[in-house]
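Residue numbers for the sequence shown follow my numbering, so the first one is 7 and each next one is one higher. Before any comments, here is the structure.
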Amino acid sequence: MATRIDGKALAAKVKAQVAEKAAKLPRQPGLAVVLVGEDPASQVYVRGKEADCGECGIRSFPYRLPTETTQRELLDLIEKLNRDPAVDGILVQLPLPEPLEEAAVIAAIAPEKDVDCFHPYNVGRLNIGDPVFQPCTPAGVMEMLREYGISPAGKRCVVLGRSNIVGKPMAALLTQADGTVTLCHSKTPDLADITRQADILVSAVGKVNCVTADMVKDGAVVIDVAMNRNSEGRLCGDVDFAAVEPKASYITPVPGGVGPMTRAMLAQVLKEETGAKVRGIELNLLQRCGAHLASLTDIQESFLSGRTAVLEAISGTTDKMVGFERKYDEKGSYVCGIKLMDLTDVANTEKKVPLEWINREGNNVNK
Ligand code: GUN
Numbered sequence: 007m008a009t010r011i012d013g014k015a016l017a018a019k020v021k022a023q024v025a026e027k028a029a030k031l032p033r034q035p036g037l038a039v040v041l042v043g044e045d046p047a048s049q050v051y052v053r054g055k056e057a058d059c060g061e062c063g064i065r066s067f068p069y070r071l072p073t074e075t076t077q078r079e080l081l082d083l084i085e086k087l088n089r090d091p092a093v094d095g096i097l098v099q100l101p102l103p104e105p106l107e108e109a110a111v112i113a114a115i116a117p118e119k120d121v122d123c124f125h126p127y128n129v130g131r132l133n134i135g136d137p138v139f140q141p142c143t144p145a146g147v148m149e150m151l152r153e154y155g156i157s158p159a160g161k162r163c164v165v166l167g168r169s170n171i172v173g174k175p176m177a178a179l180l181t182q183a184d185g186t187v188t189l190c191h192s193k194t195p196d197l198a199d200i201t202r203q204a205d206i207l208v209s210a211v212g213k214v215n216c217v218t219a220d221m222v223k224d225g226a227v228v229i230d231v232a233m234n235r236n237s238e239g240r241l242c243g244d245v246d247f248a249a250v251e252p253k254a255s256y257i258t259p260v261p262g263g264v265g266p267m268t269r270a271m272l273a274q275v276l277k278e279e280t281g282a283k284v285r286g287i288e289l290n291l292l293q294r295c296g297a298h299l300a301s302l303t304d305i306q307e308s309f310l311s312g313r314t315a316v317l318e319a320i321s322g323t324t325d326k327m328v329g330f331e332r333k334y335d336e337k338g339s340y341v342c343g344i345k346l347m348d349l350t351d352v353a354n355t356e357k358k359v360p361l362e363w364i365n366r367e368g369n370n371v372n373k
């Protein structure tokens with residue numbers, strides 16, 4: 007009999023870790039959640055995501071738009087969110103009602119705010135094995151495997167379903183973890199012959215009981231990503247759970263398996279993204295603008311105590327300090343900027359930086 011993988015318990019653990027770390031960030035991460043239309047399943051998903059983020063100390067900015075929303079209105083909203091410094095992540099719940107064009111909407115999201123990892127840039131980064139973001143559902147599955155000591159390395163992994171949201175990124179993450187991956191879909195012939203070879207079988211089809219016991223090898227790990235309703239209206243996955251559970255070594259239930267993990271991973275992605283921005287990207291900019299003359303610890307400390315760093319001057323101090331602003335080019339892409347502020351504008355002003363440090367090397371400082 008298989009061990010049931012408890013997604014609910016693991017999600018609670020991940021969320022507690024995220025909440026603890028998010029509380030130490032110099033500012034609260036923010037997630038904009040955009041839902042267009044009245045799809046009941048999407049409404050449930052979105053409420054769940056917002057609730058989980060709230061538990062982790064992440065602020066949600068909910069946008070509920072009517073079904074009639076035009077492409078232009080949606081793109082305008084995304085552009086506004088791209089520019090909003092309080093918004094670290096933008097999630098547009100899919101599917102969008104027709105005739106809205108999903109691909110164009112996803113492409114409009116600034117890649118550094120694309121917490122779903124749907125933007126073509128982030129999909130490319132994921133597929134070359136250098137991801138900026140981890141797509142939440144596949145990342146949740148990988149976290150579950152890790153927690154239960156199941157390594158895909160050297161294993162035969164079979165993924166059912168080639169969606170951009172789950173199947174394809176799932177195959178990429180399993181490949182990255184050294185699994186030998188077969189991605190199957192509706193046109194795959196002799197499906198059961200392939201699934202019977204799987205040491206790890208991940209199903210993301212969306213069809214009740216499409217994975218039957220004869221399709222599963224003895225001792226396989228079975229992960230059910232789907233959320234379906236059966237003929238009695240009860241929530242269930244793709245897997246014929248009662249028949250497969252005795253054959254598998256590990257199995258995820260529905261509900262209580264992958265679903266809660268997906269939402270917890272979203273919170274984790276956001277926390278990491280905000281932390282990376284504050285500590286990594288912006289710190290890197292600081293160094294480039296001449297801060298290498300001050301000690302790194304010093305800069306880091308200033309950073310962690312607030313959003314603005316004030317650097318120690320060696321000589322020739324000015325009454326200006328270095329701050330950051332989010333800047334965007336005409337296409338809405340993020341180009342991080344540095345600006346000078348008057349020290350008098352800032353409460354925490356014990357350190358100063360010489361103006362010439364900042365202005366050298368074409369740092370394009372706004373005065
Ligand atoms: N619709 C179903 N799953 C997802 C998801 O993970 N993210 C978004 N944005 N929409 C979805």
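Every residue, glycine too, gets a C-beta built ideally from N, C-alpha and C.
Straight-line Cα distance separating residue j from residue i
i, j, result
"Thr378", "Leu97", "As displayed, the chain neither begins before 7 nor continues past 373, which places residue 378 out of reach and without an answer."
"Asp165", "Ser192", "Reading off the sequence shown, one finds Val at residue 165, where the question assumed Asp. One C-alpha to the other measures close to 12 Å."
"Leu317", "Arg33", "In this prediction, Leu317 scores a pLDDT of 38, lower than 50, which makes its location untrustworthy; the coordinate-derived value is nonetheless stated afterwards. So the alpha carbons of these two residues sit roughly 20 Å apart."
"Asp90", "Met271", "23 Å"
"Ser339", "Val121", "In this prediction, Ser339 has a pLDDT of 48, which is less than 50 and means its spatial position is unreliable; nothing more can be read from the coordinates."
"Lys375", "Ile112", "Outside the displayed span of the chain (7 to 373) sits residue 375, for which this structure offers no information."
"Ala28", "Asn234", "33 Å"
"Lys213", "Ala232", "8 Å"
"Cys216", "Leu197", "11 Å"
"His298", "Gly146", "In this predicted model, His298 has a pLDDT of only 31, less than 50, meaning its place in the structure is not dependable; the value taken from the coordinates is given anyway. Answer to the nearest angstrom: the Cα atoms are 38 Å apart."
"Gly243", "Tyr51", "16 Å"
"Thr9", "Gly239", "26 Å"
"Leu102", "Ile200", "33 Å"
"Leu106", "Pro72", "12 Å"
"Ile115", "His125", "7 Å"
"Lys70", "Ile134", "Note on identity: in this sequence residue 70 is Arg, with Lys being the wrong assignment. Taking the straight line from one Cα to the other gives about 35 Å."
"Met148", "Ser169", "17 Å"
"Glu118", "Glu74", "28 Å"
Any non-hydrogen atom of the ligand GUN closer than 7 Å to residue i Cβ
i, result
"Leu276", "no"
"Gln23", "no"
"Val231", "no"
"Val20", "no"
"Gln203", "no"
"Val98", "yes"
"Thr75", "no"
"Ile171", "yes"
"Tyr256", "no"
"Tyr69", "no"
"Asp58", "no"
"Thr218", "no"
"Thr186", "no"
"Asp94", "no"
"Cys142", "yes"
"Asp122", "yes"
Sequence-distant residues of its chain with Cβ nearer than 7 Å to residue i (five each side left out)
i, result
"Pro175", "Cys123, Leu132, Pro141 and Pro144"
"Pro158", "Leu151, Leu180, Ala183, Asp184, Gly185 and Ile206"
"Gly263", "Ile11, Gly13 and Asp230"
"Ala273", "Lys21, Val24, Asp58, Cys59, Cys62 and Ile64"
"Leu241", "Met233, Arg235, Val260 and Pro261"
Residues of its chain near residue i, where Cβ-Cβ distance is below 6 Å and the 5 sequence neighbours each way are ignored
i, result
"Ile156", "Val227"
"Glu153", "Leu16"
"Lys223", "Arg202"
"Leu87", "Ala38, Val93 and Ile96"
"Val138", "Asn128 and Arg131"
Selected residue, minimal CA-CA separation from residue i, among the options
i, options, result
"Leu100", "Glu108, Asp94 and Val93", "Glu108"
"Asp220", "Gly130, Ala254 and Gly173", "Ala254"
"Gly185", "Ser169, Asp199, Leu207 and Val172", "Leu207"
"Val218", "Gly239, Ala249 and Gln274", "Here residue 218 is Thr; the residue named in the question, Val, does not match the sequence. Nearest C-alpha to Thr218: Ala249."
"Gly167", "Glu118, Thr188, Glu149 and Val147", "Thr188"
"Ala110", "Asp136, Ile134, Glu79 and Glu61", "Glu79"
"Phe247", "Ala116, Ala204, Ser209 and Val42", "Ser209"
"Asp45", "Val260, Arg65, Glu104 and Cys62", "Glu104"
"Ala25", "Gly225, Asp58, Gly173 and Thr73", "Asp58"
"Val211", "Tyr69, Gln77, Ile171 and Asp82", "Ile171"
"Phe67", "Arg53, Pro137 and Cys190", "Arg53"
"Gly173", "Lys19, Val129, Leu241 and Leu106", "Val129"
"Cys163", "Phe139, Pro259 and Cys190", "Cys190"
"Met267", "Lys55, Gln77 and Ala116", "Lys55"
"Ala204", "Gly225, Leu81 and Lys19", "Gly225"
"Val40", "Leu83, Lys19, Asp136 and Ala47", "Leu83"
"Gly43", "Asp136, Thr76 and Pro195", "Thr76"
Contacting residues, own chain, Cβ-Cβ under 8 Å from residue i (five flanking each side not counted)
i, result
"Met7", "Glu251 and Pro252"
"Gly368", "The predicted position of Gly368 is uncertain, since its pLDDT is 37 and thus under 50; no value can be drawn from it."
"Lys277", "Val24, Lys27, Ala28, Leu31, Pro35, Cys62 and Ile64"
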